[in-house]
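First comes the structure, then the notes that go with it.
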Amino acid sequence: MNGKIDYLILGGGSAGCVLASRLSEDPEVSVVLVEAGRDLTKESMPNDIRARYPGKAFLNPEYVWPSLECYIGAEQQSNAKRIPRFYEQARVLGGGSAINAMVANRGSPADYDEWGEIGADGWNRETALKYFRKLEHDVDFDNEYHGKGGPIPVRRVPEVKVSPFVKQVKKTLVRQGYVLKDDQNGRWEDGVYPAAIAVSDDGERVPASIAYLTPEVRERPNLSVRTEAIAQTLEFDGERVSGARILSKGKAETLHAEETIVALGGIHSCALLMRSGIRSRSELEKLGIAVHADLPGVGKNLMEHPLIAVSTYLPADMRMQDPDEHHDQALLRWTSSIQDAPEGDMHFAIIGRTAAHKIGLRMGTILIWVNKSFSRGEVRLKSADFDTPPHVDFQLLSDQRDLDRLKEGVRKAASILTDPKLMEVTGPAFPTSYSERVKKVSQPGAWNALQLGTLAAILDLAGPLRDHVIHSVITLGISLRKLLDDDVALGRFVASSVSGVWHASGTCRMGAGDDRLAVTNGEGRVHGVPGLRVCDSSIMPTIPRANTNMPTLMIAECIADRIKHGRRQT
Numbered sequence: 322m323n324g325k326i327d328y329l330i331l332g333g334g335s336a337g338c339v340l341a342s343r344l345s346e347d348p349e350v351s352v353v354l355v356e357a358g359r360d361l362t363k364e365s366m367p368n369d370i371r372a373r374y375p376g377k378a379f380l381n382p383e384y385v386w387p388s389l390e391c392y393i394g395a396e397q398q399s400n401a402k403r404i405p406r407f408y409e410q411a412r413v414l415g416g417g418s419a420i421n422a423m424v425a426n427r428g429s430p431a432d433y434d435e436w437g438e439i440g441a442d443g444w445n446r447e448t449a450l451k452y453f454r455k456l457e458h459d460v461d462f463d464n465e466y467h468g469k470g471g472p473i474p475v476r477r478v479p480e481v482k483v484s485p486f487v488k489q490v491k492k493t494l495v496r497q498g499y500v501l502k503d504d505q506n507g508r509w510e511d512g513v514y515p516a517a518i519a520v521s522d523d524g525e526r527v528p529a530s531i532a533y534l535t536p537e538v539r540e541r542p543n544l545s546v547r548t549e550a551i552a553q554t555l556e557f558d559g560e561r562v563s564g565a566r567i568l569s570k571g572k573a574e575t576l577h578a579e580e581t582i583v584a585l586g587g588i589h590s591c592a593l594l595m596r597s598g599i600r601s602r603s604e605l606e607k608l609g610i611a612v613h614a615d616l617p618g619v620g621k622n623l624m625e626h627p628l629i630a631v632s633t634y635l636p637a638d639m640r641m642q643d644p645d646e647h648h649d650q651a652l653l654r655w656t657s658s659i660q661d662a663p664e665g666d667m668h669f670a671i672i673g674r675t676a677a678h679k680i681g682l683r684m685g686t687i688l689i690w691v692n693k694s695f696s697r698g699e700v701r702l703k704s705a706d707f708d709t710p711p712h713v714d715f716q717l718l719s720d721q722r723d724l725d726r727l728k729e730g731v732r733k734a735a736s737i738l739t740d741p742k743l744m745e746v747t748g749p750a751f752p753t754s755y756s757e758r759v760k761k762v763s764q765p766g767a768w769n770a771l772q773l774g775t776l777a778a779i780l781d782l783a784g785p786l787r788d789h790v791i792h793s794v795i796t797l798g799i800s801l802r803k804l805l806d807d808d809v810a811l812g813r814f815v816a817s818s819v820s821g822v823w824h825a826s827g828t829c830r831m832g833a834g835d836d837r838l839a840v841t842n843g844e845g846r847v848h849g850v851p852g853l854r855v856c857d858s859s860i861m862p863t864i865p866r867a868n869t870n871m872p873t874l875m876i877a878e879c880i881a882d883r884i885k886h887g888r889r890q891t
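Mapping to the working numbering: the sequence shown position 45 is 366, numbers consecutive.
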């Protein structure tokens, strides 16, 4: 594409693909989309991304940023040394939608009312619902909550394909007094739901790069999609952002644009702003970065959903029979016992298969996460050099309410998996977490496969010794019963084992112009910086009670419409 660029979009993740598609619908404007990772089309999609079982794609180092490490849990009173952990963030066209779990939930309508109430102009439940309906094609429901003409297919795993374990857990929940519901994206209320997933009619993943950047869209003469090109820093003309400097296949290049939209995600968007001189003056000057806007909220308000888990051994007749089927097949939405708990502030994902390997096939799991977390972390620069990853500290469980709720979740999950009737068809229950040890042995490879295959065979043959094997080899001596009997020990386990769910958000949050920590307004415009917007999960003021991909798509649909409306008014 030659000549002027009207909209330069930095980041080809979920939001960037939506923006590129929607903004280029106007043939009178030129749009350039820049993505650091590889291109991804329906024809070029690798099998591990294409599969509807999502347990392999996010482990492939080809699709993620190679050296991003983060501190996950908050500092503990024990003064144990905090060790950073690798944090998978997508680096491929389509972003997180190309490697995530494909879960298609929206959050509570109250989440979006809250955004407006704290200063994000134009946001409320009606706005959110309008754009959730616009983006989806729900194959199961056709009512006031759902859309039929959108690019993202949404469906539930048919009951005939639901794993025996998940079916038994649902029966257990009903015996314990929970109510079966049919649509988690309909009326917001506690209950047991089938999980909604974004999977095509062919049973394949549908990344945003394929849903929105269709062959017809890519043929538009006013749209250029540039992959394997890294945004290094924003360019300025006085106070106004005039484009960006990128590194495209080893060659530096400056792109000039009327408007630049940063869509690099919950960690990298704020890092680009900071490298470009947008943060608090004092912190930028320490790094020798020229100050363009003194916005101390950039990098603050980092949010995630804290996660822990309880698992059980599955005999052969309780396991998923189709290894290609999606594993997240049901959920329990419930409200915790903390004071003034937001409705549905807790989430149990009921997993029929815990990992792609042979041990994972033998483990049924309840993933426990705080669906409305209060802990906040921060992203800071270590250096002005774009090659140096930022310092990321989630500070999960720094708010006592989050720790208390995860502990409550462990107790509730344990009561489900140790239900006497359920245990007639399952094995021992035990605490689990997504630790670095688990991550290491889950990597594909002959040695890991041999180890895990051997352990799987031992578990199958262990009989009355199975509980001993599990607690000796898998949990390394940590007993669920002992944790339940000792609240202090339970707290230590949860605090030391907590992980996130790859829902980084909030670091360029929306808010009113007089809010010192707000970075953008409700349309993603960066306060005090003409020519610049941010549009992705980083502008969320508070975290929604949902996996963040669908809300991110919704935000991008909304902001694209607002940009187009604003252009028509000029």
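Don't be surprised by glycine CBs; every beta carbon is placed ideally from N, CA and C.
Proximity to residue i [Cα-Cα], best of the options
i: leucine 585; options: Leu727, Ile330, Arg343; result: Ile330
i: serine 657; options: Pro474, Asp360, Glu844, Val691; result: Val691
i: glycine 673; options: Asp666, Arg683, Met667; result: Arg683
i: arginine 309; options: Trp444, Glu435, Ser563, Leu688; result: Only positions 322 to 891 of the chain appear in the structure, and residue 309 is not among them; the question remains open.
i: glycine 766; options: Gln489, Pro348, Ala677, Gln642; result: Ala677
i: glutamate 409; options: Arg371, Ala431, Leu380; result: Leu380
i: threonine 535; options: Cys829, Lys607, Thr362, Tyr755; result: Thr362
i: arginine 846; options: Ile582, Pro865, Ser820; result: Ile582
i: alanine 670; options: Tyr328, Gly416, Val424, Leu414; result: Val424
i: glutamate 390; options: Ser601, Pro711, Gln489; result: Pro711
i: proline 472; options: Glu878, Thr891, Gly887; result: Glu878
i: glutamine 397; options: Gly834, Glu579, Phe814; result: Phe814
i: alanine 881; options: Glu580, Ala550, Val460, Thr554; result: Glu580
i: threonine 686; options: Ala750, Lys451, Arg732, Lys693; result: Ala750
i: valine 779; options: Arg758, Pro474, Ala592, Lys679; result: It should be pointed out that residue 779 corresponds to isoleucine in this sequence rather than to valine. It is Lys679.
i: lysine 572; options: Arg561, Gly559, Glu560, Ala552; result: Ala552
i: leucine 608; options: Val631, Ser704, Ile567, Leu616; result: Ser704
Residue i burial status per 10 Å Cβ neighbour count (16 or more: buried)
i: valine 713; result: buried
i: tryptophan 892; result: The structure shown has nothing for residue 892, since the chain only spans 322 to 891.
i: arginine 412; result: buried
i: proline 752; result: buried
i: valine 746; result: exposed
i: serine 365; result: exposed
i: isoleucine 326; result: buried
i: isoleucine 689; result: buried
i: aspartate 369; result: buried
i: leucine 594; result: buried
i: histidine 458; result: buried
i: valine 352; result: buried
i: aspartate 666; result: buried
i: valine 481; result: exposed
i: aspartate 806; result: exposed
i: alanine 449; result: buried
i: asparagine 464; result: exposed
i: threonine 633; result: buried
i: threonine 828; result: buried
Contact check, residue i vs residue j, beta carbons under 7 Å
i: histidine 613; j: isoleucine 599; result: yes
i: glycine 748; j: arginine 787; result: yes
i: alanine 867; j: arginine 596; result: no
i: methionine 639; j: proline 405; result: no
i: arginine 541; j: serine 335; result: no
i: lysine 621; j: glutamate 537; result: no
i: threonine 863; j: histidine 824; result: no
i: leucine 309; j: leucine 874; result: Lying before the first or after the last residue shown, residue 309 is absent from the chain, which here runs from 322 to 891.
i: leucine 501; j: valine 483; result: no
i: serine 563; j: glutamate 556; result: yes
i: arginine 837; j: threonine 548; result: no
i: phenylalanine 707; j: glutamate 625; result: no
i: serine 818; j: serine 858; result: no
i: alanine 550; j: valine 809; result: no
Touching or not, the segment 379-392 and the segment 415-432, by the rule of three or more beta carbon pairs under 8 Å?
In this structure the segment 379-392 touches the segment 415-432; the number of beta carbon pairs closer than 8 Å is three or more.
For the segment 711-778, list the alpha helix (DSSP H) runs that are entirely contained and at least 4 residues long, ordered along the chain.
List check, alpha helix (DSSP H) in window: 721-738, 757-763.
Measuring CB atoms only, is the segment 659-672 touching the segment 843-862, in the sense that at least three cross pairs come out at less than 8 Å?
Counting Cβ pairs under 8 Å, fewer than three are found: no touch.
Answer yes if the segment 638-652 comes into contact with the segment 711-727, meaning at least three C-beta pairs across the two stretches below 8 Å, and no otherwise.
The segment 711-727 is not in contact with the segment 638-652.
The segment 795-802 / the segment 578-592 touching (three or more Cβ pairs under 8 Å)
Judged by pairs of C-beta atoms under 8 Å, the segment 795-802 does not touch the segment 578-592, as fewer than three such pairs exist.
I'd like the ranges of any alpha helix (DSSP H) spanning at least 4 consecutive residues and lying wholly in the segment 599-683.
DSSP runs (the alpha helix (DSSP H)) wholly in the segment 599-683: 602-607, 679-682.
Within the segment 361-439, ranges of the beta strand (DSSP E) (whole runs, at least 3 residues)
Counting only runs of 3 or more, we get 390-394.
Please give the ranges of any alpha helix (DSSP H) in the segment 816-889, keeping only runs that are unbroken, at least 4 residues long and fully inside the region.
List check, alpha helix (DSSP H) in window: nothing returned.
Three or more C-beta pairs under 8 Å: does that hold for the segment 730-744 against the segment 486-496?
These segments touch.
Stretch pair the segment 519-531 + the segment 502-511: three plus CB contacts closer than 8 Å
Segments in contact, no.
Suppose only complete runs of 3+ residues qualify. What are the beta strand (DSSP E) ranges in the segment 535-566, listed by chain order?
If we require 3 residues or more, the beta strand (DSSP E) runs fully inside the segment 535-566 come out as 544-547, 550-558.
Considering only residues of the segment 479-534, which uninterrupted beta strand (DSSP E) runs meet the minimum length of 3 residues and lie entirely inside it, listed in chain order?
List check, beta strand (DSSP E) in window: 512-515.
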